[in-house]
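Undergrad:
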Amino acid sequence: MRRVLTHGRLRRPFLALLSTALVAALLATMTAAIGSGRPEPMAPAAAEPAPGRIAYTSDDQDHRTLALVGTGRPTALLDGGQAGDDCQPAVRGDAVVWVSTRSGTGESLLGRQGAGPVKVLLEREGWRIKHPALSPDGAWVAFTSWQSDPTGWDPSQDWCRQTAAADAPTGSGDDRTPSIWLARTDGSQLRRVAVGGGWASWSPDGGALAYEQAGKIFRIPVAPGGTPVRVDTGTGEAHRPAWEPRAGAGHDRIAFVTGQDGYRELALVPARGGGAVQLIARGGKEPAVAEDVTWSPDGTSLAFLSNDLFRVDPASGCPTCAGTTVDVSSFDGVESAGWYAPPGGAPTILITGRTYGERIESVHPGPPLDRLDLRPQTDWRETTADPAYSPDGRRLAYALSVYGPDGRAPTRILVGDAADPTHATVLSGPGIDQGRQQSAPAWSPDGKRLAFVQQNLCSECNAEQKVVVVDVTDGVDKAKPVLTVPPRTESGSRCTSRDFDPAWSPDGGRLAFSRESDCVPIIKLTGAAAAPAAATVYGIRHLWSVETGAGGDQHDLTAAQCGDPQCPVRDARPAYAPDGSGLAFGRRLLAARPDPSPSPTPTPTRTSPSPTPPPCLNGCLRAGPTPAGAPLQVVLELGADGRACRSVVPSAASCPNVGPVNGTPLPDVPLRQPAAPAWSPDGKQLAVDVAVREDGPGVAVQPRRVPSDYRRIAVVDPATGAGRTLPVRAGASHTRPSWQPTADLAVGLTPDQPQLSRGGTTDLTLTVTNLGPGYAKGVTAEPALPAGLRAVGAPVPSQGSCSPAPYHCALGGLAAGAAATVRITVQGTAAGAQRATAQAGAETLDPRAENDRAEAVITVLAPDLVVTASATPPTAAPGEPVTVTFTVRNRGEGTAAGVTLTPVVPPQLRVISISPACPSTGCALGDLGPRGEATVTLVLVGDTAFTGQVTGTVTSANGEPVTASAAVTITAPGPTATPTAPPTGTPTATPTATPPDTRLPDLAVSAAAAPALIRTGQQATVTLTVRNGGAVPAPGVALALTLPAGLRLDSATPACPTGRCPLGPLAPGASATVTLTVTGLTAGTATVSGTATADRGNGATASTTLTVLQPTVRLDPRVGPPGIVTLAHGSQFPPGTTVRLRWSAGVTADSAPVVVAGDGTFTAPVLVLVQDTLGPRELVATLPDLPAFGEVRSAFTVVPGVLQPRPYEERR
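Position one of the sequence shown corresponds to residue 1 (the UniProt record's numbering), numbered consecutively onward.
1. Ends of the alpha helix (DSSP H) at threonine 558?
2. Leaving out the 5 sequence neighbours to the left and right, which residues in its chain are closer than 7 Å to aspartate 1095 when beta-carbon positions are compared?
3. How is valine 1189 classed by DSSP in three states: helix, strand or coil?
4. Nearest to threonine 1182 by CA position, among Val1032, Val1154, Val293, is which residue?
5. Could you check if serine 913 is buried or exposed, using at least 16 other CB atoms within 10 Å of its CB as the buried criterion?
6. Classify glutamate 48 as buried or exposed, calling it buried when 16 or more other Cβ atoms lie within 10 Å of its own Cβ.
7. Check whether the Cβ atoms of proline 367 and threonine 769 lie closer than 8 Å to each other.
8. Which class does aspartate 175 belong to by DSSP, given the choice of helix, strand or coil?
9. For the pair the region 348-360 and the region 54-67, tell me if three or more CB-CB distances fall below 8 Å.
10. Does the region 1111-1131 touch the region 1034-1054, meaning 3 or more C-beta pairs lie closer than 8 Å?
11. Return the CA-CA distance between threonine 678 and proline 387, expressed in angstroms with no decimal places.
12. Do threonine 99 and glutamine 113 have their C-beta atoms within less than 8 Å of each other?
13. Leaving out the 5 sequence neighbours to the left and right, which residues in its chain are closer than 7 Å to arginine 371 when beta-carbon positions are compared?
14. Say whether the region 68-85 touches the region 342-353, bearing in mind that this needs 3 or more beta-carbon pairs closer than 8 Å, one atom from each stretch.
15. Helix, strand or coil for valine 328? Go by DSSP, reduced to three states.
16. According to DSSP, which residues form a beta bridge with serine 58?
17. In three-state terms, what does DSSP make of aspartate 943?
18. Please confirm if the region 835-845 is in contact with the region 901-910, defined as three or more CB-CB distances below 8 Å between the two stretches.
19. May I ask you to report which of helix, strand or coil DSSP gives aspartate 477?
20. Which residues bound the beta strand (DSSP E) around cysteine 495?
21. Per DSSP, what kind of secondary structure is residue 1221 in: helix, strand or coil?
22. Quick one: using the 10 Å Cβ neighbour count with 16 as the cut-off for buried, is aspartate 205 buried or exposed?
23. Could you pull out every residue in the same chain whose Cβ sits closer than 8 Å to the Cβ of arginine 1140, ignoring the five residues on either side in sequence?
24. At 4 residues or longer, and completely inside the region 762-839: list those alpha helix (DSSP H) runs for me, N to C.
25. According to DSSP, simplified to helix, strand and coil, what is valine 1156?
26. Could you spell out the range, first to last residue, of the beta strand (DSSP E) harbouring glutamine 753?
27. Valine 1198 by DSSP, collapsed to three states: which one?
28. Starting from aspartate 1172, follow its DSSP beta bridges and name the residues at the other end.
29. Determine contact between the region 195-202 and the region 124-136, defined as no fewer than three beta-carbon pairs at a distance below 8 Å.
30. On the three-state DSSP scale, how would you describe valine 950?
31. Which of helix, strand or coil does DSSP assign to serine 651?
32. Considering only their Cβ atoms, is the gap separating alanine 399 from glutamine 434 smaller than 8 Å?
33. Do you know offhand how far arginine 510's Cα is from arginine 449's?
34. Sort out for me which residues DSSP pairs glutamine 455 with in a bridge.
35. When you compare only the Cα positions, how much space is there between phenylalanine 1133 and threonine 1112?
36. Express the C-alpha separation of histidine 239 and lysine 216 in angstroms, rounding to a whole number.
Given below as structure tokens:
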């Protein structure tokens, strides 16, 4: 028989005392603001920081966990930090879909494949979602859905509960009637299948659904327009249909639940109806409060839930019994069942297990809450409480209690990963007494020490309770005790102390804690010593502080503030402001006690309360009298002087010190009975727990008479006391919040010049900004340069230091809103788009990883030098001058620095002059900008016959050498022979033979590209000209082409089959031109070459360079919920063109045209509509004016609001 538990039946007195909502007082010494004394560069206004999380202790009457059972100890399906408020799983293999209310704003369908991340499959604003069922192929999900009550989704209701009330219509009409709906698992193609139906189950082929409606079973085709058909199940009601996963003879059956008076039986019926067969008798010995039935994947077993969980063989059944019981005794109840079958593993039953008791959860400080279990509960004997985040936000300390057979629950402190503290380490080490209770952990500001409360394992005795400090530098399991706070002492008195709630000052020099203590004077009488009078303690608890070195310099802070060592208050849960400016704590005002007799008033002592109420030295809170038995509870803040005090919640200028004896109920106020304050990392908010009363099915309301058992976490503004209560369903009580320290870093990488010439330099500035909310400790930055950029000198940080390449910069700490920079001077060494990156990190947890990385594109523009040469005249007689002109042109986009032309003149020629004047070893032409030109003219004379080349080679500081030549021929005719007359009468002599012509053709090639700078997808024209500068024809001229892989040859005129262009013979001085049309395919520098050859004479080669840029679009952010506006940053686009932006999926909102700036960049906002499609998509950029340009794409993922970009996805 199942155990019947009442709420709180297992409450260990020790933890019950810790969880009492009390308040606390302050420390004498406060520190200044955290951070270095040097001024920090302030960052420009930036986006809101990603919120951290608030962990707390949840005491829940009906908490649910998805767990695998039947093979030993139950195992949670989801790890800590992945599990939430989950129920009603649907399973196919290792794919699971379930219902969750973790967002706090409504129900969601979540899903996970194997060990992958948890994903939101479907959210319907204003609609209920229940009872999912996965199709056999896992591509579709059927579920029950209907519109919420007109008043809205009520977060206080337990919507996972399987009751008629939970599934009731919310009004008339189809939309307000629970109905079967269908959608793909990506949330698309949503449509209604059957009005009024629920509890869908798929046919083996996925073509039909069985469902329940009004106590009857129906089946309906899933194709649109299908007509439902009732399945004849015989007499009596039929519920929870489960279609057999196998078809064929003897199969294709539907299992269902039947019965009466709440007692359930299991039956089988063919899917076509008729001939229902009872499998087992009554399931369970009591009327069912939860029922379900599900087939194993192979159809050989049924899991049947009717309060208890049973396995049934469908081949034989057990008409006289309830089936084979599956042990689920570690849970307080089970609500649903399915079969989980990992690849290669045996099927296991997956249940929704229900437990009572304390556990730790975490939420965001506002909707969507993303409520997560930090340690999923699979055994009612284990409870967790007192979460405490480490100063860097990466670890979590908490208290674990395990009930033993004797009813005792030893409590130990564990420390684990803050994202998933399930696999945590027990606090242990030499000198730590494991025989005592441990609770209320608190981290020192440097994270090296833990303070906690230690008490004897004794639930009946009032044993001393102490605050202990241990050093955990070497590990939590190697902790070393360094301090036990001494109990209260007083000269001439005997004192007892019980200490609670340690809290560290921001400088780590002091501990604040709350203390119950009493000192009784030791009275010595003449003769026999009289026993000291028994002290009377009325629940008074004061706030104390102590020095953390040796435990000295103790101060009763409450007494100092109140002006009375017996001030009748109960202070608890102190919390220092992050900047040390004050101490927040909770205070419960205890009623003053009148004199119980008319006898003369005795003299008050330090050991007994004053017979009359002490005065309100700092003023009383005039909110009205408090009812008997309901002491007023407030959250206060004590100033740095230890005496100035103000009420935070509710807001008042002074602190109350005493409550009235009796009175009328307080009027309703927004936040009642606040307690247990916890500061946000920036000190601008407080998390507190407040009391609520739950009145029926409506939203939770505030109590009017006495504090209820239920408490909620509220986030308040400490300046005004105003705030909001975080939503949670009925039956849960949330207390003792701990705010996770986080610092959201944002990285920027900006070049002073987005374009530079090869060999040129620019400064690249890396900026790390702490968006907050907390202080970022141990900030690092790692810039990385591509091969085409070279650092000139070492990086220069604004603070900290940087190591040599690969660069790692340790920048120290950054306060919220502050920034640090690293400047790197870079030189462009290779043409094209060069992408530099930067990554930042910190010891403090950064909850948003996507803005920790930045990149910058610097376009290195290469010069493209060409040189041509000409000789005028190309042929001259000895002694006649020949003018040779070299023309140097820069056809590239970058400046050619330090251009030099070096002419080479054969020794047969004399240089008469060079203009501009320069030595023959080289003519310095300076820098040549894009489209720049310079000429060098030489006047030469030849004294003897000569045919040869005058060449000129061009070099630059940032370019490749280029050579050109001009042909010069000096003719020197020999003496003319006088003919001799032949003798008369004799034959004419044979003429002397003409010597052979030894002259050769002289080929030269020039190359040019227009434009020389293109983008991928654009075309350019390359012109190659072959000229014969010789004095004789050049026979059989041909031009061989060389194109790199990054260019595509679209056409050649004249045609050039196989890359060789036949040009025929070229007469002296004649030229032929080959025109190529090419398209850039990949970014980089591409060189097109042409080599001319002839059947005789020299060959010649020329080349030209094209710079191909790759347009890119970067989205910031790349992940976001519907309704987000992301920024599209484009670079390397053609200046002045119009860009059209559209989504590849979903709806693209109308927007103004985007025009590319002169530097090739643009920035444009792009909206994701509020109701738009979830999942991956791409932003597509096209140029309507340049159809051949193609498309540029950038990936984006639309996620629901409950799943924000990584760190949250990372935890799942």
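Using N, Cα and C, we set each Cβ at its ideal position, and we do this for glycine too.
TA: According to the data block:
1. In the DSSP assignment, threonine 558 falls within the alpha helix (DSSP H) that extends over 557-562.
2. Result list for aspartate 1095: Pro1035, Gly1036, in chain order.
3. Note on residue identity: the sequence assigns phenylalanine, not valine, to residue 1189. Phenylalanine 1189 falls in the helix class under three-state DSSP.
4. Nearest to threonine 1182 by C-alpha distance, out of Val1032, Val1154, Val293, is Val1154.
5. exposed
6. exposed
7. Proline 367 places its beta carbon 8 Å or farther from that of threonine 769.
8. helix
9. yes
10. no
11. Note that residue 678 is alanine in the sequence shown, not threonine. Counting only the Cα atoms, proline 387 lies some 12 Å from alanine 678.
12. The question names threonine, yet the displayed sequence has valine at residue 99. Cβ atoms of valine 99 and glutamine 113: not closer than 8 Å.
13. Around arginine 371: Gly84, Asp85, Arg102, Gly104, Glu361, Val363.
14. yes
15. Secondary structure of valine 328 (DSSP, three-state): coil.
16. Arg359, His734
17. Aspartate 943 sits in coil when the DSSP states are folded into three classes, being neither helix nor strand.
18. no
19. helix
20. 493-504
21. Residue 1221 is absent from the model: the chain starts at 1 and stops at 1212.
22. Looking at its Cβ environment, which holds fewer than 16 other Cβ atoms inside 10 Å, aspartate 205 is exposed.
23. Pro1153, Val1154, Ala1181, Thr1182, Leu1183, Pro1184
24. none
25. coil
26. Here glutamine 753 belongs to no beta strand (DSSP E), and DSSP marks it neither H nor E.
27. It is a strand residue.
28. Aspartate 1172 pairs with nothing; no bridge assigned.
29. yes
30. strand
31. coil
32. Inclusion of glutamine 434 and alanine 399 in the CB contact set at 8 Å is not warranted, their separation being larger than that value.
33. 13 Å
34. DSSP, once it has assigned bridges, lists Gln437, Gln465 as partnering glutamine 455.
35. 8 Å
36. 7 Å
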